[in-house]
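Down below is the structure, laid out as structure tokens.
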Amino acid sequence: MDTSPNVIGVPASCIFCEVVAGRVAAFEVLRDDVAVAFLDKSPLFAGHTLVIPLRHVETLADLEAREIGPYFQRVRAVAAAMPEALGAGGTFVANNNVVSQSVPHLHVHVVPRTRGDGLRGFFWPRRRYADGEAEAYAERLRTALAATG
């Protein structure tokens, strides 16, 4: 695997940087000058979204202080949109730093939750989207985010 930098400090193999650059397709629900939010390819539940900063940083601690507020405003917007857009009772918001961080690019998981959904502790059974399901969930989230401005 090529890990040589393609931009200062950015490994050539960062899949999330490839999403930011538009070279890897993702079911995006939000994209602006701060972050990109897209559906997780192996979601806990349908609508499970990852929010990543445009700039490559590996962990939350690597994010500059001035970037924290704008970044988490996007995380908050996605979390706020999910209940109405997806019929969820609430959300689970999580961030791994290094340990259990499958991609070394900062990302926050925003997961729709309902009572009795089966999520217990840190045992998270994953699922796959059925054909056409991911686009439908992404569209619902995009619509809800657009309505909130």
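If you count the sequence shown from 1, position 138 lands on 1016 in my numbering, and the numbers rise without skipping.
The beta-carbon is built from N, C-alpha and C at its ideal position, and this holds for glycine as well.
Excluding its 5 nearest sequence neighbours in each direction, residue 1018 has C-beta neighbours in its own chain below 8 Å: 925, 963 and 964, listed in chain order. Contact check between the segment 969 to 976 and the segment 923 to 940: three or more CB pairs, one atom from each, fall below 8 Å, which counts as touching. Nearest neighbour of residue 1022 by Cα position, chosen from 984, 988 and 907, turns out to be 907.
When C-alpha distances from residue 1006 are compared across 946, 918 and 994, the shortest belongs to 918. In this structure, residue 1008 and residue 905 do not form a Cβ contact; the two beta carbons are roughly 13 Å apart against a cut-off of 8 Å. DSSP links residue 916 through a beta bridge to 906 and 928. DSSP links residue 987 through a beta bridge to 928 and 972. Assigned with DSSP and collapsed to three states, residue 944 falls in helix.
Counting the other Cβ atoms within 10 Å of the Cβ of residue 990 gives 16 or more, which makes it buried.
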